[in-house]
Amino acid sequence: MVFFDLISVDSNESDRWAVEDSFSTNKEEGPSVSSQDRTSSRRKGRAKVLAIAGAGALLLTGCSAEVQRGWLPNVERDTTNHTGMIQDLWVNSWITILAVGLLTWGLMLWCIIAYRRRKGDTGYPRQLSYNLPIEIFYTAVPLVLVLTFFTFSDQTEKTLNTKVDSELVVDIRAKQWAWDYNYSYKGQEKYDATVQARLTGKEGVRDTLPNLYLPVGKTVTLELNSRDVIHSFWVPAFLQKLDMIPGKTNYIYLTPQVEGDFDGKCAELCGEYHSEMLFNVKVVSEAEFEAKLATMQDGHLGEEYDRKPGEVNQVSAHAEGK
Ligand SMILES: [Cu+2]
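To convert a position in the sequence shown, counted from 1, into our numbering, add 1.
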């Protein structure tokens, strides 16, 4: 309400102020200006700043959902059990950075205007070599900021990477330029070997992409492996992406919380048809998931289909110092 009052007062009198302000600049140089005039014009200036800040805050709170999630691709806040947390880290970091940015730009602008060379100025302005308090301030503040960002990022990352027990484990093996999905679920071993997309430029290609099925509300462990070169598993709406490295298994643990279709892709340039290494994630009900599983082949396509299993593993063991 305070903001509204300020805005209404400001808009009613803004024209008069604009005129007054332009005069007061001239007046200050003359002998006739009283200290009362200057105080009231300063107060009006402050009211203007507050009104602008209020309007800005109002604008931000009235923003679309897209703006509020910082333009991230998760349409729902809780697409997975992790997306809310990642979104908060992202949006809060941006708000902090913007606040620091606005303050810094404001100070720079103020210096440029307040200490500009005026008519009649000669020589250099007064030169200052040291200001210890300011130097301590601008060393300490960024340090605190960086440490704070680090702490929050580290906490989030640790939560994301905490191993969880899950009924469903999907061993995903990336290959130039598609995916093999091996599902282990309630004692069943099922697989789905897929082929790369064909980007014809026509409608309906999305329906032909290989599907990764996940049951909604069930925690899943994704074991990420590669059969040949480095790939990267990326589902933008899940806000998580992880490399798939030959000879090394990486893990993503998550619980999809919203049913729907989500785009997935390889996010590491992995050869000629990298752009066609696409897939869909279909988050479905548990019943639907079990029905899909029943249509798949029995078995597990493990590393026996890797391009050079022995060689890759040797390199990896050597690199890890084993
Ligand atoms: Cu790839």
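The C-beta atom is built at its ideal place from N, Cα and C for all residues, glycine as well. A quick note: this is a predicted structure, and the numbers were derived from the prediction, not measured.
Shorter than 6 Å, the distance from the beta carbon of His-232 to the closest heavy atom of ligand 1, or not?
Yes, the Cβ of His-232 comes within 6 Å of a heavy atom of ligand 1.
Pick from Ser-94, Trp-180, Gly-124 and Val-170: whose alpha carbon is nearest that of Thr-152?
By alpha-carbon distance to Thr-152, the top candidate from Ser-94, Trp-180, Gly-124 and Val-170 is Ser-94.
What residue range does the beta strand (DSSP E) around Asp-193 cover?
Unbroken beta strand (DSSP E) run through Asp-193: 189-194.
Taking 8 Å as the cut-off, does the stretch 260-275 touch the stretch 222-238 (at least 3 CB pairs, one atom from each stretch)?
In this structure the stretch 222-238 touches the stretch 260-275; the number of beta carbon pairs closer than 8 Å is three or more.
Considering only the beta carbon of each residue, do Trp-178 and Thr-195 sit closer than 7 Å?
No.
Between the Cα of Leu-210 and those of Glu-158, Ser-276, Ser-167 and Thr-250, spot the shortest distance and give me the residue it belongs to.
Closest option to Leu-210, judged by alpha-carbon separation, among Glu-158, Ser-276, Ser-167 and Thr-250: Ser-276.
CB Ala-137 to CB Leu-240, shorter than 7 Å?
Rather than Ala, the amino acid found at residue 137 in this sequence is Ile. For Ile-137 and Leu-240, no; Cβs fall outside 7 Å.
Please report the straight-line C-alpha distance between Gly-31 and Gln-128, rounded to a whole angstrom.
Confidence at Gly-31 is low in this model, with a pLDDT of 39, below 50, so the placement of that residue should be treated as unreliable; the coordinate-derived value is given next. Straight-line spacing of the CA atoms in Gly-31 and Gln-128 works out to 29 Å.
Consult DSSP for Arg-70 and reduce its assignment to one of helix, strand or coil.
If DSSP states are grouped into helix, strand and coil, Arg-70 belongs with coil.
Three CB pairs or more closer than 8 Å across the stretch 219-226 and the stretch 113-128:
Between the stretch 219-226 and the stretch 113-128 there are fewer than three C-beta pairs closer than 8 Å, too few to call the two in contact.
Given the structure, does Met-109 come close to ligand 1, in the sense that its CB is under 6 Å from one of the ligand's heavy atoms?
No; taking the cut-off as 6 Å, the Cβ of Met-109 has no heavy atom of ligand 1 nearer than that.
I think Gly-260 touches Val-285, with their Cβ atoms under 8 Å apart; what is that distance to the nearest whole Å?
First, the amino acid is wrong: residue 260 is Glu here, not Gly. With a Cβ gap of about 6 Å, Glu-260 and Val-285 count as contacting.
In its own chain, which residues sit with a C-beta less than 7 Å from the C-beta of Pro-74, not counting the 5 before and 5 after it?
Excluding residues up to 5 positions away in sequence, Pro-237 and Ala-238 lie with their Cβ nearer than 7 Å to the Cβ of Pro-74 in the same chain.
Classify Ile-231 as helix, strand or coil using the three-state DSSP reduction.
Reduced to three states, the DSSP call for Ile-231 is coil.
Determine the DSSP secondary structure at Gly-102, reduced to helix, strand or coil.
In the structure shown, Gly-102 sits in a helix (DSSP, three-state: H, G or I).
Tell me whether the beta-carbon of Asp-79 lies closer than 7 Å to the beta-carbon of Gly-85.
Asp-79 is a Cβ neighbour of Gly-85, given a cutoff of 7 Å.
Environment of Met-245 [buried if 16+ CB atoms lie within 10 Å]:
Of the other Cβ atoms in all chains shown, 16 or more fall within 10 Å of the Cβ of Met-245; this residue is therefore buried.
Alpha carbon to alpha carbon, how far is Thr-256 from Leu-223? Give it in angstroms, no decimals.
Approximately 11 Å, taken between the alpha carbons.
Nearest-angstrom Cα separation, counted from Leu-90 out to Trp-111
Cα to Cα, the separation comes out at about 31 Å.
Can you tell me whether Asp-307 is buried or exposed? The criterion is at least 16 other CB atoms within 10 Å of its CB, across all chains shown.
Buried: at least 16 other Cβ atoms inside 10 Å.
Taking the runs of the alpha helix (DSSP H) that are 4 residues or longer, which of them lie wholly in the stretch 246-319?
Correct list: 287-295.
On the premise that Lys-266 lies in contact with Leu-279, defined as a C-beta separation below 8 Å, what is that separation, rounded to the nearest angstrom?
At roughly 5 Å, the Cβ-Cβ gap stays under 8 Å, so Leu-279 and Lys-266 are in contact.
With DSSP collapsed to three states, give me the class of Asp-155.
Looking at Asp-155 - three-state DSSP - the assignment turns out to be helix.
Does Asp-193 pass the burial test, meaning 16 or more other C-beta atoms within 10 Å, or should it be called exposed?
It is buried - the Cβ of Asp-193 has at least 16 other Cβ atoms within 10 Å.
Rounded to whole angstroms, what's the CA-CA distance from Thr-250 to Gln-298? Just pull it up for me.
Straight-line measurement puts the Cα of Gln-298 at about 23 Å from the Cα of Thr-250.
Looking at Met-278 and ligand 3, is the gap between the Cβ and the nearest heavy atom below 6 Å?
Looking at this structure, you won't find ligand 3 anywhere; what it does contain is ligand 1.
Rounded separation between Glu-305 and Glu-289 - CA only:
The alpha-carbon atoms of Glu-305 and Glu-289 are separated by roughly 30 Å.
From the DSSP output, which residues share a beta bridge with Leu-169?
In the DSSP assignment, Leu-169 is bridged to Tyr-186 and Val-221.
Please name the residue in Tyr-252, Val-68 and Gln-197 whose C-alpha comes closest to that of Lys-159.
The residue among Tyr-252, Val-68 and Gln-197 with its C-alpha nearest the C-alpha of Lys-159 is Tyr-252.
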